[in-house]
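To start, the structure itself, in structure tokens.
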Amino acid sequence: MVDLSKASVTPEEIMYSLKKEMHLKGICQKVLYQRVINKAAQERGITVTPEDVQAQADEIRYANRLEKAAETLAWLADQMVTAEDWEAGISDRLLAQKLAESLFYKDVEKSFAQNRLDFEQVLVYQILVDSEEIAQELFYQIEEGEISFYEAAHFYDIDPERQRRCGYEGKLPRWSFKPEIAALIFSVQPGEVTHPLQTEQGYHLF
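In my numbering, the protein residues as written are 3 to 208.
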């Protein structure tokens, strides 16, 4: 391995090499992006503490098996950077991460507030029959305790698979139901049976 830590390279040579390799634009963009990140973070009161930098540095050292300070300094020298340069780079990355998390969290919080009802979930059991008379009779029998909801689903549901599951549909979000069904399901208390609801499929009990 060639030791570059003591090599003498002028800024002009570095600039010329970046231009030749078509990398100068990318470097300039990174510098400008960091300016934008710094300004946005400052406006939002987002900062990176020395403790944040130290914790990240420790993770990097562990990943590279740099157990001793001397090993870390030797590794940095091989990369041709100082400890201060390294920590500054860590700080920049952490600041960008914190800013992104802050912006994303606000978007999620706003979306949740605007669509809160869609995020509601409920554990659903269903009975579907093809007759209003049967649906009403099952409703009253369940209400009176003459038959359990699970038994009614097992014996009377028109879907063999749901019969096997005794009416169990799973934990489902509000948005997965048609509006009229969602309104009915979310209007009752847990364990309460809904009145029969007619749709093109038949008569539903939940």
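We put the CB at the ideal spot given by N, CA and C, even for glycine. Owing to the predicted nature of the structure, the values given are computational and were not obtained by experimental measurement.
Distance from the CA of E69 to the CA of R63, rounded to the nearest whole angstrom, comes to 7 Å. In the structure shown, the three-state DSSP call for T201 is strand. Taking 8 Å as the cut-off, the beta carbon of V190 is found no closer than this to the beta carbon of I144. In summary, L97 is buried, with 16 or more beta-carbon neighbours lying within 10 Å of its beta-carbon over all protein chains present. Spanning the alpha carbons of S93 and H206 requires a straight line of approximately 59 Å. Separation of the CB atoms of E86 and A59 is rounded to 12 Å, and the pair is thereby denied contact status at 8 Å.
Bounds of the alpha helix (DSSP H) holding Q31 are 26-45. For L207, the secondary structure class from DSSP, reduced to helix, strand or coil, is strand. The three-state secondary structure of K21, taken from DSSP, is helix. A residue is called buried once 16 or more other Cβ atoms fall within 10 Å of its Cβ, and I129 is buried on that count.
P175 is bridged by DSSP to Q123. The C-beta of L125 has fewer than 16 other C-beta atoms within 10 Å across all chains shown, which makes the residue exposed. Annotation for G204: L130, V131, D132, I160 place their beta carbon closer than 7 Å to its own, counting only its chain and skipping 5 residues before and after.
Classified as exposed, P162 has fewer than 16 neighbouring CB atoms from the shown chains inside 10 Å of its CB.
A Cβ-Cβ separation of about 5 Å places K173 in contact with Q123 under the 8 Å criterion. Taken atom to atom, the span from the alpha-carbon of V50 to that of A71 is near 23 Å.
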